[in-house]
Amino acid sequence: RPHPPGGLAMAQQPTIPRAGTFFVESEQQRANLERLQRREQQLAEVYSKNKALCFSGGAYQKTHPVKAARGRKDADVTLATPCVLGVADGVSQIEDFGIDASLLPKELLKHCETLGMEQLRPDAKDGAYRGPIPLVREAYERTSPTLGSTTLVLAVLDNSTRIHGKLHPMMAVISIGDCELLVLRRLHGHSSSLTPVFQTEMQRIDGHLQTPLQLARVDGRIDANFHDGITIEVIEKGSGLYMISAYEGDIVVMGSDGVFDNLFTDEVADIVNNVLRPGTTYPIEESMLAYAARRIVEACHAKTVAGPTGIMPDAPIGRGGKVDDTACVVAEIVELGECTNGNWVQAGMPREYDEDEDEHGVMDFLRCGAVCNATDNGELDANGDGTSRRRSRRSKQRQPKEEEEEESSSEEEENDRGMCCVA
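This note's numbering puts the first residue of the sequence shown at 330, with every later residue one more than the last.
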């Protein structure tokens, strides 16, 4: 959400009381699956060096002081591994029934991590990874019989995708509920600021803040009609699924609703730019990425405190924001090194980007801010303004050098061509 124009109001406006997240019963969720479902694929079809990529990230989370004073536990959970990033936000109302609200999200992300390592590591068997939906479904099934309810956003870095026989890493994102993911990119070279180029959408029943779509397992005390098949249906038919071209140097910001209900998109970008300034050496130290996540969380909590003049700060959901536990992951997409004894090694030492090395024009492409949908007729659905919301159509320009390189590709490589898994 962009920050609204205009300054702060001259007089203080009353804040709207906002309760915590409520559990949404199964029948109410099922009735909204078709409306909430998202399936989007954004391909940036530009030739880059054939290099595998991975995540390098840090996380930070904090219980809001107001909720801590009430004795509420922090039910947010984060995950930052080379192949999978995640944020899960446990539904606090579950605690009223004697259930630990953090247990299901903890187990869910633990199994997502295990499955991600099994399916996405460089030496994984062909066909092991079948897409983010089967991965989340299997992770959920492994949590049985743990009770709870949670929202989720998960990002998977898939190095198996090929376009015209050449490696083209893709980031697959699955969201259930109101956690969100934002991608920032330096569109005008390494010395430029990070600019938002993609953002997921929240999924809330009838748009209410307290009733997001949820991944749950409960007993008859909470919902007499519940069975695990309901949640499988939510994962397969109601989730938001996005496929985005991944490029070295992209910054991924993931957060619970406590982040994106309190901060506008440009505010998140400004915080990250203040920490990861233009010209920063890369790969970026994980401690710096974790510090950026901390700064975001602190800014979210500051939205619930009146300023020196007594005016509550503006937020996407209204003045005063939302008192909530807040979790954030900030990660950089970096080159993947060798995999030794099950450990992924980040390639290379921190260095400045040398534009003279850009023999294939990747930076020229990134400068245009294009995030494209490749179509069968060879046209690109591209954005010229660096965002992922407004699109204009233009013809794909093929360079002679690219054509020669494609012709020289081996027949075996062409036969290995595939598209990303979106199942």
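Every residue gets a Cβ at the ideal spot worked out from N, C-alpha and C, and that includes glycine.
Computed from a predicted structure; not experimentally measured.
The Cβ neighbour count for R606, taken over all protein chains shown within 10 Å, is under 16; the residue is labelled exposed. For L481, the enclosing beta strand (DSSP E) starts and ends at 477–487.
Residues of the same chain with a CB within less than 7 angstroms of the CB of L408, apart from the 5 flanking positions on each side, are L414, G415, L438, C441, E442 in chain order. Checking the DSSP bridge columns, you'll see E369 partnered with Y571. C383 sits in a strand when the DSSP states are folded into three classes. When only Cα atoms are considered, R491 and S574 end up about 11 angstroms apart. When the beta-carbon positions are compared, S504 and Q532 come within less than 8 angstroms of each other. In this model, G647 and V604 are separated by some 27 angstroms (Cα to Cα). Two segments are said to touch when three or more pairs of C-beta atoms, one from each, lie closer than 8 angstroms; by this definition the stretch 547–561 touches the stretch 468–488.
Setting aside the 5 residues that flank it on each side, V406 is surrounded in the same chain by A417, P434, K435, L438, each with a C-beta closer than 6 angstroms to its C-beta; the list follows chain order. Its chain contains P607, G608 as the residues whose beta carbon lies nearer than 7 angstroms to that of S520, once the 5 sequence neighbours on both sides are disregarded; these appear in chain order. Collapsing the DSSP output to three states places C657 in a strand. With 16 or more other Cβ atoms from the protein chains shown falling within 10 Å of its own Cβ, F555 counts as buried. In the DSSP secondary-structure assignment, A545 is bridged to S478. By the Cβ-count criterion, P498 is buried, with 16 or more other Cβ atoms from all chains shown falling within 10 Å of its own Cβ.
A Cβ-Cβ separation of about 20 angstroms leaves V658 out of contact with A430 under the 8 angstroms criterion. When the beta-carbon positions are compared, L510 and V485 stay at least 8 angstroms from each other. Taking the C-beta atoms as reference points, I625 is found no nearer than 8 angstroms to G567. By the Cβ test, the stretch 625–643 is not in contact with the stretch 541–548, since fewer than three Cβ pairs between them sit closer than 8 angstroms. Of the residues assessed, G636 falls on the exposed side of the cut-off, its CB having fewer than 16 other CB atoms within 10 angstroms.
Taking the Cα positions, Y458 is about 35 angstroms away from N591. Within the DSSP secondary-structure output, K391 pairs in a beta bridge with T655. Short of 7 angstroms from the beta carbon of V597, and not among the five residues preceding or following it, lie these beta carbons of its own chain, in chain order: L511, V582, I625.
At the C-beta level, A644 and L618 stay beyond 8 angstroms of one another. Distance between R623 and L513, taken at the CA atoms: about 17 angstroms.
Straight-line spacing of the CA atoms in I428 and P474 works out to 12 angstroms.
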